[in-house]
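Visitor: One structure coming up, written as structure tokens, with questions to follow.
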Amino acid sequence: MSQIVGKVIALIGTLFLAHSAYSTYEHLNYLKAVEQSETVLPVEIAVECLLSAFVALFGVIISAQPFKNVLLESQMASMTIDKFDTRPSFIGFNHRKIVSTQGQLERRLR
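So the sequence shown is numbered by the working numbering: it starts at 1 and just counts up by one.
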């Protein structure tokens, strides 16, 4: 339930953030139309932008899943030793090196 509420709050905050961006765009276009130099944004737009960003952040934090445990003990509790210890055993390549070295020596001697 709280995840759905958090997602709705995040959506509302995102919509208000988009509205504040659109209001900024319209305000700058208005200033260009009346040939006024660009001044600071109106307080209403700045406050709307900051509040909507915090509301969206709050909604994302509420809708987040709880952290998962990263300890190895918790993973081992759900696995058997056969599942956990399935890695390839040590593979030695020394035999290939010896054979290839002997072959190279025979080619040089001929």
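Virtual Cβ for every residue (Gly too), placed ideally from N, Cα, C.
A quick note: this is a predicted structure, and the numbers were derived from the prediction, not measured.
#1: Would you be able to state if there are at least three C-beta pairs under 8 Å between the region 10-17 and the region 44-54?
#2: Output needed for A56: all residues of its chain with C-beta closer than 7 Å, excluding positions within five of it in sequence on either side, in chain order.
#3: Could you have a look at G16 and say whether DSSP puts it in helix, strand or coil?
#4: Please say whether K7 and S63 have beta carbons closer to each other than 7 Å?
#5: Can you tell me where the alpha helix (DSSP H) with M76 in it begins and where it stops?
#6: Which same chain residues end up closer than 7 Å to S2 when comparing Cβ atoms and leaving out the 5 residues on each side of it in sequence?
#7: Could you give the distance in angstroms between the alpha-carbon of Q36 and the alpha-carbon of H19?
Guide: So, to answer that:
#1: Yes, since at least three Cβ pairs between the region 44-54 and the region 10-17 fall closer than 8 Å, the two stretches touch.
#2: Cβ neighbours of A56 beyond the five flanking positions: A10, G13, T14, L17.
#3: In the sequence as displayed, the identity of residue 16 is Phe instead of Gly. DSSP, reduced to helix, strand and coil, places F16 within a helical segment of the structure shown.
#4: It is a contact, given that the beta carbons lie within the stated cut-off.
#5: That run of the alpha helix (DSSP H) goes 72-77.
#6: Counting only Cβ-Cβ distances below 7 Å, and skipping sequence neighbours, we find I62.
#7: Between Q36 and H19, the C-alpha separation is close to 23 Å.
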